[in-house]
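Only one structure is covered here, and it is reproduced in the block below.
In the working numbering, the protein residues as written are 36 to 158.
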């Protein structure tokens, strides 16, 4: 009984258009920032290194390098503060969590780009 009530409450807070991205993708996360009565969009660009949780508690972790320092940020997938998530590049990965990237620096952090078969025009 109580599980059903929790599911109903969670359904109301879920987003309809959930962004499609995977581990290893380089994404732009557009977040809404409130400063006083003004609202602006701030973009956080990085590689998705982890995804966890389900439903309204689903989170993803994005990592990027700023001034030779690694910066990680966790975002809720269904948060109203996230305006959109754009996939810039897809990476080839064989792990569910890319925590090994934390120990790497320089060119060793890069991931191979996943090839996608585009619609072949004229063939």
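All residues carry an ideal CB built from backbone N, CA and C; glycine is no exception.
Among all the DSSP beta bridges, which residues are the ones paired with residue i?
i           : result
residue 109 : 96
residue 63  : 80, 121
residue 69  : 74
Run the CB neighbour count on residue i, radius 10 Å, all protein chains shown included, and call it buried at 16 or more, exposed below.
i          : result
residue 89 : exposed
For residue i, I'd like the list of residues in its chain whose CB is within less than 8 Å of its CB, leaving aside the five on either flank, ordered along the chain.
i           : result
residue 132 : 58, 84, 85
residue 93  : 86, 87, 111, 112, 113
residue 45  : 90, 91
Look at residue i and residue j and say whether their C-beta atoms are less than 9 Å apart.
i           : j           : result
residue 53  : residue 66  : no
residue 122 : residue 148 : no
residue 124 : residue 60  : yes
residue 81  : residue 106 : yes
residue 108 : residue 64  : yes
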